[in-house]
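Residue numbers (my numbering): 7 to 224.
The beta-carbon is built from N, C-alpha and C at its ideal position, and this holds for glycine as well.
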């Protein structure tokens, strides 16, 4: 027979997780315009224990949906403040899938807009946005989502150093290079180096649809 005390502890634990999401939302919902006007960028990550630790793991799907709804509330609050600036701004939700705990809300103004607009490589696959995973069409459908690549960049000089140090084998490096979807040469501070980009997953970048008034979501 199941231990009833164990079940009660489990319920209390998940109630605490929900409170932690609410506390995180309250800490982040107010956009710091002073910081934005100095740095021209700001962001909020999913700083919610225990999911945002050195070894990260995704929360269960029902909690993921609660977190996503909190992200939308933060987004709407930030959007309202940004309208008062009377200048162009970048405000988007980055949803990593399947690595949800890497997701962020990002804002930028002035020269930082172009930086963030070109940060990710587009993924032109005809994938459908996984709305069921986050909240369903009622909420996710308020955004326009574009698919990008969650990629890691590897430098040939570092890979060769890893082989020399015994951190990777030549076969492992060859396998990694074969997985890359893009490669090229780049001028760096120490000279010219070759890079390889390897896809790790998806990043869905969402922006509030222009035909929906965000003020009605506050």
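Which residues DSSP lists as bridging residue i, in chain order
i           : result
residue 186 : 204
residue 77  : Bridge partners of residue 77: none, in fact.
residue 103 : 208
residue 197 : 194
residue 53  : According to DSSP, which records beta bridges pairwise, residue 53 is partnered with nothing at all.
Inter-residue Cα distance where the pair is residue i and residue j
i           : j           : result
residue 31  : residue 49  : 13 Å
residue 75  : residue 184 : 38 Å
residue 112 : residue 27  : 18 Å
residue 103 : residue 44  : 32 Å
residue 65  : residue 78  : 18 Å
residue 220 : residue 161 : 42 Å
residue 206 : residue 156 : 5 Å
residue 213 : residue 118 : 17 Å
residue 135 : residue 127 : 17 Å
Nearest candidate by alpha-carbon position, reference residue i, set the options
i           : options               : result
residue 130 : 144, 112, 149 and 153 : 153
residue 313 : 167, 121, 67 and 20   : Since the first and last residues shown for the chain are 7 and 224, residue 313 lies out of range.
residue 21  : 42, 46, 68 and 215    : 68
residue 105 : 115, 132 and 70       : 70
residue 110 : 211, 220 and 82       : 211
residue 146 : 23, 205, 101 and 196  : 101
residue 133 : 193, 208, 179 and 196 : 208
residue 187 : 37, 201, 215 and 218  : 201
residue 82  : 35, 51 and 142        : 35
residue 193 : 163, 178, 170 and 215 : 163
residue 120 : 94, 180, 140 and 139  : 94
CB-CB length for residue i against residue j, believed under 8 Å
i           : j          : result
residue 149 : residue 99 : 7 Å
Next on the checklist: I'd like the ranges of any alpha helix (DSSP H) spanning at least 4 consecutive residues and lying wholly in the stretch 142-190.
Outcome noted: Complete alpha helix (DSSP H) runs here, min 4: 143-146, 162-171 and 176-185.
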